[in-house]
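Novice:
2 protein chains.
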Amino acid sequence: MMKLTVKQQRVLDFIHKCQQTQGVTPTHQEIAAHFGFRSPNAATEHLRLIRRKGFLESVPRKARALRVTSALLKLRGRLADIPLYGTIPAGFSADREQQPDGCVTVDVASIGFKPTRNTFALRVAGDSMIGRHICDGDIAVFEHGAEPRPGQIVAALIDRQSTLKTFVVKNGRPFLKAENPKYPDLIPSEELVIQGVFRALIRQTNE
Amino acid sequence: MMKLTVKQQRVLDFIHKCQQTQGVTPTHQEIAAHFGFRSPNAATEHLRLIRRKGFLESVPRKARALRVTSALLKLRGRLADIPLYGTIPAGFSADREQQPDGCVTVDVASIGFKPTRNTFALRVAGDSMIGRHICDGDIAVFEHGAEPRPGQIVAALIDRQSTLKTFVVKNGRPFLKAENPKYPDLIPSEELVIQGVFRALIRQTNE
DNA sequence: GCTGATACTGTTTAGACGAACAGTATGATG
DNA sequence: CATCATACTGTTCGTCTAAACAGTATCAGC
Chain A
77 MMKLTVKQQR
87 VLDFIHKCQQ
97 TQGVTPTHQE
107 IAAHFGFRSP
117 NAATEHLRLI
127 RRKGFLESVP
137 RKARALRVTS
147 ALLKLRGRLA
157 DIPLYGTIPA
167 GFSADREQQP
177 DGCVTVDVAS
187 IGFKPTRNTF
197 ALRVAGDSMI
207 GRHICDGDIA
217 VFEHGAEPRP
227 GQIVAALIDR
237 QSTLKTFVVK
247 NGRPFLKAEN
257 PKYPDLIPSE
267 ELVIQGVFRA
277 LIRQTNE
Chain B
77 MMKLTVKQQR
87 VLDFIHKCQQ
97 TQGVTPTHQE
107 IAAHFGFRSP
117 NAATEHLRLI
127 RRKGFLESVP
137 RKARALRVTS
147 ALLKLRGRLA
157 DIPLYGTIPA
167 GFSADREQQP
177 DGCVTVDVAS
187 IGFKPTRNTF
197 ALRVAGDSMI
207 GRHICDGDIA
217 VFEHGAEPRP
227 GQIVAALIDR
237 QSTLKTFVVK
247 NGRPFLKAEN
257 PKYPDLIPSE
267 ELVIQGVFRA
277 LIRQTNE
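Heads up: the sequence lines are chains A and B, in that order.
Anchor point for the first sequence: position 141 equals 217 in the numbering used here, and the numbering is continuous, going up by one each time.
Anchor point for the second sequence: position 110 equals 186 in the numbering used here, and the numbering is continuous, going up by one each time.
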């Protein structure tokens with residue numbers, strides 16, 4: 077793949093920026109206007125060269141049909157937008173729409189499963205699951221409504237707070253267990269609401 | 077925000093799908109064609125209603141200027157595309173462009189820092205950093221070229237393989253230490269190449 | 001059974017848009 | 001110094017496109 081000239085790179089950057097901020101790629105004339113060209117054909121010519129060098133694709137004769145094609149972007153998979161909640165109140169349900177605190181966006185391949193409408197994320201508070209290598213401050217992704225299997229980690233509602241616990245079965249009865257010797261709890265799982273099954277994790281270093 | 081009818085939802089889904097797969101939103105006539113409408117005005121009417129209900133925005137008189145505005149998508153922040161390498165050979169550098177094995181896409185807020193051109197990701201192999209709660213199979217994100225501070229985790233090249241170690245300073249000299257009693261190594265860091273400083277982590281449950 | 005919203009067909013129009021053609025200027029390369 | 005690619009101006013053309021107008025059919029709620 078040939079290298080772009082400085083001007084061509086600037087045009088490509090502008091297109092990319094437009095797509096990011098406005099969700100729409102600019103027309104030839106908008107490109108010309110942005111760079112102060114007095115003719116839309118100046119932009120057309122640039123696009124032709126950028127396209128020839130492989131950094132751009134477009135559908136002929138279609139308006140705003142440009143597409144930036146960097147090597148990385150070509151590898152980019154399908155994205156998932158997962159709602160991030162601070163704390164989940166008792167009645168989490170798919171129907172009752174709750175206002176999320178934020179949005180975690182990840183590509184599907186990296187988290188290893190395809191999120192559904194019942195997928196949500198929580199920021200982990202406390203070190204109750206340190207034994208399963210889930211740390212304070214991590215973002216944990218859950219699937220609501222899935223049936224937990226023994227050994228899986230779940231988010232459960234205890235004292236109006238979402239808490240992480242391991243789902244275990246002892247003598248045929250389901251329990252929830254903390255993975256930290258400091259919390260020797262073993263709570264019968266019938267008594268509380270299991271909000272979701274743990275699916276993925278995102279951690280940022282806190283420096 | 078009012079609810080959409082079934083037909084309106086279908087139209088909105090189609091627009092969203094077009095944007096995902098082709099990067100471009102459809103025109104009124106393309107929508108009409110897709111649903112078998114004989115008049116582009118049928119699509120126009122649907123768009124008008126969807127827009128009125130707040131699920132869509134558009135710039136008047138501009139071609140393909142639709143924008144899906146779900147509550148989640150509004151919260152979506154800036155995205156970062158990070159190259160994922162299998163193993164990094166000795167000469168990792170920003171100049172020498174190396175073919176990535178994949179692409180990890182995350183929103184900047186979730187990983188807690190803004191990736192640069194020197195950011196890359198590795199899939200963790202082995203449990204040498206289990207003491208710092210980094211597990212086998214995790215995707216670790218690194219910043220190449222950053223100066224490690226004592227206690228930070230780094231990716232180092234040992235025996236032609238990228239390995240995770242903690243960067244420590246003992247008696248004024250830098251060492252690399254594994255965080256697992258099974259690996260009691262303490263390697264003088266001058267002898268090896270530090271490829272990057274650990275910044276973030278993505279984990280998927282392996283069930 | 002009236003009314004209003006939804007869900008269309010069918011047609012027209014003005015303007016937006018990509019593409020093509022005809023030139024000019026500049027700078028790099030050999 | 002000739003040549004070629006880049007980087008434009010200026011213009012025309014045909015099509016694409018959003019929008020507007022005039023209707024029709026169906027269905028739910030009252």
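Glycine included, every Cβ here is placed at the ideal spot set by N, Cα and C.
List the residues that DSSP assigns as beta-bridge partners of residue 229 (chain A).
Specialist: Numbered from its first residue, the first sequence carries residue 229 (chain A) at position 153. Bridge partners of residue 229 (chain A): A:242.
Novice: Locate the alpha helix (DSSP H) running through residue 91 (chain B), then write down its first and last residues.
Specialist: Position 15 of the second sequence, counted from the start, is the residue given in the question as residue 91 (chain B). Its alpha helix (DSSP H) spans residues 82-98.
Novice: So, is residue 160 (chain A) buried or exposed, given that buried needs 16 or more other C-beta atoms within 10 angstroms?
Specialist: As a working mapping, residue 160 (chain A) is identified with position 84 in the first sequence. The residue in question, residue 160 (chain A), is buried, as its Cβ has 16 or more Cβ neighbours within 10 Å.
Novice: For chain B, find out if any of its Cβ atoms is closer than 8 Å to the Cβ of residue 99 (chain A); answer yes or no.
Specialist: The residue you call residue 99 (chain A) lines up with position 23 of the first sequence. So, interface residue.
Novice: Output the distance between the C-alpha atoms of residue 137 (chain A) and residue 280 (chain B), rounded to the nearest integer angstrom.
Specialist: Here residue 137 (chain A) refers to the residue found at position 61 when the first sequence is read from its first residue. Here residue 280 (chain B) refers to the residue found at position 204 when the second sequence is read from its first residue. Going by the C-alpha atoms only, they are around 43 Å apart.
Novice: Does the Cβ-Cβ distance between residue 202 (chain A) and residue 230 (chain A) come in under 8 Å?
Specialist: As a working mapping, residue 202 (chain A) is identified with position 126 in the first sequence. As a working mapping, residue 230 (chain A) is identified with position 154 in the first sequence. Against a cut-off of 8 Å, the Cβ pair of residue 230 (chain A) and residue 202 (chain A) comes out as no contact.
Novice: Is residue 132 (chain A) near residue 120 (chain A), with beta carbons less than 8 Å apart?
Specialist: Counting from one through the first sequence, the residue named residue 132 (chain A) turns up at place 56. Counting from one through the first sequence, the residue named residue 120 (chain A) turns up at place 44. Their beta carbons are not under 8 Å apart, which means residue 132 (chain A) does not touch residue 120 (chain A) by this criterion.
Novice: Which bits of chain A does residue 159 (chain B) rub up against, with CB to CB less than 9 Å?
Specialist: Position 83 of the second sequence holds residue 159 (chain B). Ordered by position in chain A, the residues that pass the 9 Å Cβ test against residue 159 (chain B) are 147, 148 and 151.
Novice: Counting only Cβ pairs nearer than 8 Å, list the residues of chain B close to residue 211 (chain A).
Specialist: Residue numbering aside, residue 211 (chain A) sits at position 135 when the first sequence is read from its first letter. 209, listed in chain order.
Novice: Excluding the 5 residues preceding and the 5 following residue 134 (chain A) in the sequence, name in chain order all residues of the same chain whose CB lies nearer than 6 Å to its CB.
Specialist: Along the first sequence, one-based indexing puts residue 134 (chain A) at 58. Same-chain partners within the cutoff: 141 and 142.
Novice: Using only alpha-carbon positions, find the residue among A:250, A:223 and A:216 that is nearest to residue 238 (chain A).
Specialist: Here residue 238 (chain A) refers to the residue found at position 162 of the first sequence. Of the candidates A:250, A:223 and A:216, the one whose C-alpha sits nearest the C-alpha of residue 238 (chain A) is A:216.
Novice: Grab the span of the alpha helix (DSSP H) containing residue 186 (chain A) for me, first residue to last.
Specialist: Taking the first sequence and counting its residues from 1, the one referred to as residue 186 (chain A) is at position 110. Residues 184-187.
Novice: Excluding the five sequence neighbours on either side, which residues of its own chain have a C-beta within less than 7 Å of the C-beta of residue 113 (chain B), listed in chain order?
Specialist: For the purposes of this step, residue 113 (chain B) is taken as the residue at position 37 of the second sequence. Cβ within range, chain order: 119.
Novice: May I have the straight-line CA-CA distance separating residue 128 (chain B) from residue 81 (chain B), to the nearest angstrom?
Specialist: What you label residue 128 (chain B) is simply residue 52 of the second sequence in a count that begins at 1. What you label residue 81 (chain B) is simply residue 5 of the second sequence in a count that begins at 1. Between residue 128 (chain B) and residue 81 (chain B), the C-alpha separation is close to 13 Å.
Novice: Check whether chain A comes within 8 Å of residue 171 (chain B), counting only Cβ atoms and requiring the distance to be less than that.
Specialist: Taking the second sequence and counting its residues from 1, the one referred to as residue 171 (chain B) is at position 95. Summary for residue 171 (chain B): the model assigns pLDDT 42, below 50, so the residue's position carries little reliability, and this model does not support an answer.
Novice: Reducing DSSP to helix, strand and coil, say where residue 160 (chain A) ends up.
Specialist: By 1-based counting over the first sequence, the position of residue 160 (chain A) is 84. Three-state result, residue 160 (chain A): strand.
Novice: When the Cα atoms are used, what is the spatial distance from residue 79 (chain B) to residue 175 (chain A)?
Specialist: By one-based count along the second sequence, residue 79 (chain B) stands at place 3. By one-based count along the first sequence, residue 175 (chain A) stands at place 99. Distance between the alpha carbons of residue 79 (chain B) and residue 175 (chain A) is about 16 Å.
Novice: If I'm right that residue 178 (chain B) touches residue 276 (chain B) with Cβ under 8 Å, what's the distance once you round it to whole angstroms?
Specialist: As a working note, residue 178 (chain B) is residue 102 in the second sequence. As a working note, residue 276 (chain B) is residue 200 in the second sequence. Their Cβ separation, rounded to whole angstroms, is 16 Å, which puts residue 178 (chain B) and residue 276 (chain B) out of contact at 8 Å.
Novice: If the cut is a Cβ gap below 8 Å, which residues of chain A does residue 274 (chain B) touch?
Specialist: For the purposes of this step, residue 274 (chain B) is taken as the residue at position 198 of the second sequence. By Cβ distance, chain A contributes 281.
Novice: Does the region 253-273 of chain B come close enough to the region 209-227 of chain B to have 3 or more Cβ pairs within less than 8 Å?
Specialist: Taking 8 Å as the limit for Cβ pairs, the verdict is that the region 209-227 of chain B does touch the region 253-273 of chain B.
Novice: Consider the Cβ of residue 242 (chain B): report whether some Cβ of chain A lies at a distance smaller than 8 Å.
Specialist: Counting from 1 along the second sequence, the entry for residue 242 (chain B) is found at position 166. False, the Cβ-Cβ gap to chain A never drops below 8 Å.
Novice: Of the choices B:94, B:248, B:269 and B:234, whose alpha-carbon is the least far from that of residue 261 (chain B)?
Specialist: As a position in the second sequence, residue 261 (chain B) is number 185, starting the count at 1. Out of B:94, B:248, B:269 and B:234, B:234 has the C-alpha closest to the C-alpha of residue 261 (chain B).
Novice: Between which two residues does the alpha helix (DSSP H) holding residue 147 (chain A) run?
Specialist: As a working mapping, residue 147 (chain A) is identified with position 71 in the first sequence. From DSSP, the alpha helix (DSSP H) with residue 147 (chain A) extends over 147-151.
Novice: In chain order, what residues of the region 171-189 of chain B put their CB closer than 9 Å to some CB of chain A?
Specialist: Within the region 171-189 of chain B, the qualifying residues are 173, 175, 176, 177, 178, 179, 180, 181, 182, 183, 185, 186, 187, 188 and 189.
Novice: With a threshold of 8 Å between beta-carbons, can residue 155 (chain B) be considered close to chain A, or not?
Specialist: As a first step, residue 155 (chain B) must be located in the second sequence, where it is residue number 79. At least one chain A Cβ lies under 8 Å of residue 155 (chain B).
Novice: For residue 268 (chain A), collect the residues of the same chain with a Cβ closer than 8 Å to its Cβ; drop the 5 residues on either side in sequence, then sort them by chain order.
Specialist: Sequence index remark: in the first sequence, residue 268 (chain A) carries index 192 (1-based). 232, 233, 234 and 252.
Novice: What does residue 139 (chain B) reach in chain A if we use C-beta pairs closer than 7 Å?
Specialist: Here residue 139 (chain B) refers to the residue found at position 63 when the second sequence is read from its first residue. Those within 7 Å of residue 139 (chain B) in chain A are 139 and 140.
Novice: Residues in its own chain within less than 8 Å of residue 259 (chain B) by CB, not counting five upstream and five downstream?
Specialist: Here residue 259 (chain B) refers to the residue found at position 183 when the second sequence is read from its first residue. Excluding residues within five positions, the ones whose Cβ falls inside 8 Å are 204.
Novice: Interface residues of chain A around residue 277 (chain B) at Cβ under 9 Å?
Specialist: Translated into positions along the second sequence, residue 277 (chain B) becomes position 201. The answer, in chain order, is 214, 277, 278, 279, 280 and 281.
Novice: Measuring only between beta-carbons, confirm whether residue 249 (chain A) sits less than 8 Å from chain B.
Specialist: By one-based count along the first sequence, residue 249 (chain A) stands at place 173. So no, residue 249 (chain A) is outside the interface.
Novice: Over the uninterrupted alpha helix (DSSP H) stretch that includes residue 118 (chain B), give me the two end residues.
Specialist: Working through the second sequence from its first residue, we reach residue 118 (chain B) at position 42. 116-128 is the span of the alpha helix (DSSP H), which, as asked, contains residue 118 (chain B).
Novice: If we ignore side chains and look at the alpha-carbon of each, how far apart do residue 166 (chain B) and residue 236 (chain B) end up?
Specialist: Residue 166 (chain B) sits at position 90 when you count from the first residue of the second sequence. Residue 236 (chain B) sits at position 160 when you count from the first residue of the second sequence. With a pLDDT of only 44 at residue 166 (chain B), under the threshold of 50, the placement of this residue in the model should not be trusted; the figure read from the coordinates follows. C-alpha separation (whole angstroms): 7 Å.
Novice: Is residue 210 (chain B) helix, strand or coil by DSSP?
Specialist: The residue labelled residue 210 (chain B) in the question sits at position 134 within the second sequence. It is coil, neither helix nor strand.
Novice: Whole angstroms is fine: what's the gap from residue 211 (chain B)'s alpha carbon to residue 207 (chain A)'s?
Specialist: Here the question's residue 211 (chain B) lines up with position 135 in the second sequence. Here the question's residue 207 (chain A) lines up with position 131 in the first sequence. So the two alpha carbons sit approximately 12 Å from each other.
Novice: Tell me the residue span of the beta strand (DSSP E) that contains residue 175 (chain B).
Specialist: Along the second sequence, one-based indexing puts residue 175 (chain B) at 99. Unbroken run through residue 175 (chain B): none, as it is neither H nor E.
Novice: Using a C-beta cutoff of 8 Å, does residue 143 (chain A) count as contacting chain B?
Specialist: Residue mapping note: residue 143 (chain A) aligns to position 67 of the first sequence, counting from 1. Yes, because at least one Cβ of chain B sits closer than 8 Å to the Cβ of residue 143 (chain A).
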